[in-house]
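Asker:
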Amino acid sequence: TLPQLKNLDLSNNAFKDLAALEAWRRKFPKLDHLIVSGNPLEQGEPDYATKFMAWYPKLRLLNTVQVRSDQDAESGRQVADIPFPIKGPNFQDEGQIAENFLRTFFAGYDTDRATLAQHYYDEQSDFSFAVNTAAPRDPTRSHETAPQEWDAYIKRSRNLKKITQLPARQSRLCRGAQAIHESWSTLPATRHPDLATQPQKWLIECQSQPGIPDPTGASPVGVDGFLITVHGEFDEIDVSGQVKKTRSFDRTFILGPGGPTGVRVVNDMLTIRAYGGFAAFEPDHNEPQVPAEAGVPVLPPGLTPEIAEQMVLELQKQTSMTVQYAKDCLEQVQWDFDRAMQAFAAVRANLPADAFVQAA
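Going letter by letter, the sequence shown gives residues 9 to 368 in the working numbering.
1. Helix, strand or coil for residue 21 per DSSP?
2. Measuring CA to CA, which of 180, 173 and 145 is closest to residue 162?
3. By DSSP, does residue 34 sit in helix, in strand, or in coil?
4. Just to check my reading of the structure: residue 264 and residue 233 have Cβ atoms closer than 8 angstroms, yes? What is that Cβ distance to the nearest angstrom?
5. I'd like to know whether the C-beta atoms of residue 251 and residue 243 end up nearer to each other than 8 angstroms.
6. Looking at C-beta atoms only, is the number of pairs between the stretch 211–220 and the stretch 164–184 that lie closer than 8 angstroms three or more?
7. What alpha helix (DSSP H) runs, 4 residues minimum, are completely inside the stretch 103–152?
8. Report the rounded CA-to-CA distance for residue 110 versus residue 193, giving the unit in angstroms.
9. What do you reckon, are the CB atoms on residue 16 and residue 39 nearer than 8 angstroms?
10. Based on DSSP bridge pairs, tell me the residues matched to residue 76.
11. How many angstroms separate the CA atom of residue 220 from the CA atom of residue 272?
12. If you compare alpha carbons, which of 100, 107 and 135 is closest to residue 204?
13. Count the other CB atoms within 10 Å of the CB of residue 362; is the residue buried (16 or more) or exposed (fewer)?
14. Between which two residues does the beta strand (DSSP E) containing residue 261 stretch?
15. Just to confirm my understanding: we take residue 69, look at its own chain, exclude 5 residues before and 5 after, and list those with CB closer than 6 angstroms. What are they?
16. Does DSSP classify residue 88 as helix, strand or coil?
17. I'd like the list of long-range same chain contacts for residue 296, defined as Cβ closer than 8 angstroms, with 5 residues on each side in sequence excluded.
18. Could you name each continuous alpha helix (DSSP H) segment of 4 residues or more that falls completely within the stretch 168–236, going from the start of the chain to the end?
19. Within a Cβ cutoff of 7 angstroms, which residues of the same chain sit near residue 100, ignoring the five residues on either side of it in sequence?
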């Protein structure tokens, strides 16, 4: 491991694909300039430039071509040059029901899981958890190579990509407050960041969810509830309260009416993964957007920013243009993808070298 390495020349070797370099993926957190010209991977991996940028968040130059701005390289942002704003969370609460639930839930999960299970779960509540061992880690900690030690989780993990047999899937789904508490009791003790003082470490969204089963049976079509998605982190702690390991998590709740507080958890799904940081939670501060700011696309009616972003990335993938050139191309043809491909073919020979992600 060379954590201070900034320049690396691997040109004219026999690296046929990215798999040949996988062992170095997390070795150079400060890499600024990488040269891989003259290797077979240039032909075998058409999107190698994009992948190297993901591997090395501070990479500015690839084969002498600038692929990330100085500012983005300094901050280590993985979403460099994407001409779409990162939006803040969408939280549609009613009467602070979801907010109060979340404040109570995570405090209770850290301090008294038995009471929490009886408070919000009933005999029809479901809970499962899964370990995602392939999730990306925090790029600012890429030099840390300590083992993740999943032993406390893996035996009961309900990762449906790994667990394919129906009996195994069923045995890892907990139903009922007692079974849920028993499952929780096997998991490490935790300490989550305080929602009030460390909100930057959380991304929480909430929306109305129709069709929740009515516990009284009065409504055959169900009642309204909430779908809550939570992304954050927690510390695993020992009996003395000392931090053993920090992990990231994703947790999805479906809430409905019922229980002693009027709120019951219908379904609770937890995903645990290696610590990934919280930089991706930070929204771009470019509002108001009327008039549209420079760099933010003006889209035709009916085209959402999410779909437009996918169009830009697909055009970049098929043409090897930079994201900015791909966006400009789509804007010039009113976001018609087929016309964008035709326009690219017509002007390709006249495009400057910096229009492409990799050197020609």
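The C-beta atom is built at its ideal place from N, Cα and C for all residues, glycine as well.
Answerer: Working from what's here:
1. As a working mapping, residue 21 is identified with position 13 in the sequence shown. Here residue 21 sits in coil by DSSP.
2. Along the sequence shown, one-based indexing puts residue 162 at 154. Comparing Cα positions, the closest option is 180.
3. By 1-based counting over the sequence shown, the position of residue 34 is 26. If DSSP states are grouped into helix, strand and coil, residue 34 belongs with coil.
4. As a position in the sequence shown, residue 264 is number 256, starting the count at 1. As a position in the sequence shown, residue 233 is number 225, starting the count at 1. Going by Cβ atoms, the distance from residue 264 to residue 233 rounds to 4 angstroms, so yes, they are a contact pair.
5. For the purposes of this step, residue 251 is taken as residue 243 along the sequence shown, with counting starting at 1. For the purposes of this step, residue 243 is taken as residue 235 along the sequence shown, with counting starting at 1. Yes, the pair counts as a contact, with Cβ atoms nearer than the cut-off.
6. no
7. 105–119 and 121–128
8. Position 102 of the sequence shown, counted from the start, is the residue given in the question as residue 110. Position 185 of the sequence shown, counted from the start, is the residue given in the question as residue 193. Distance between the alpha carbons of residue 110 and residue 193 is about 20 angstroms.
9. Residue 16 sits at position 8 when you count from the first residue of the sequence shown. Residue 39 sits at position 31 when you count from the first residue of the sequence shown. In this structure, residue 39 lies closer than 8 angstroms to residue 16 by Cβ.
10. Against the sequence shown, residue 76 aligns to sequence position 68. The partner list for residue 76 (beta bridge, DSSP) is empty, contrary to what the question assumes.
11. The sequence position of residue 220 within the sequence shown is 212, counting from 1. The sequence position of residue 272 within the sequence shown is 264, counting from 1. Looking at the two C-alpha atoms, the distance is approximately 11 angstroms.
12. On the sequence shown, position 196 is the one that residue 204 refers to. For the residues 100, 107 and 135, the minimum Cα distance to residue 204 belongs to 107.
13. To locate residue 362, count along the sequence shown from 1; it is residue 354. Label assigned to residue 362: exposed.
14. By one-based count along the sequence shown, residue 261 stands at place 253. Note, residue 261: beta strand (DSSP E), 251–265.
15. Residue numbering aside, residue 69 sits at position 61 when the sequence shown is read from its first letter. Within the same chain, residue 69 has close Cβ partners 41.
16. Within the sequence shown, residue 88 is the residue found at index 80, counting from 1. Caution is warranted here: a pLDDT of 41 is assigned to residue 88, below 50, making its placement in the model unreliable, and no coordinate value can be reported.
17. Here residue 296 refers to the residue found at position 288 when the sequence shown is read from its first residue. Residue confidence is low: residue 296 scores 43 on pLDDT, short of 50, so the model does not pin down where it sits. No coordinate-derived value is stated.
18. 174–179 and 185–193
19. Counted from its first residue, the sequence shown places residue 100 at position 92. Around residue 100: 214, 215 and 216.
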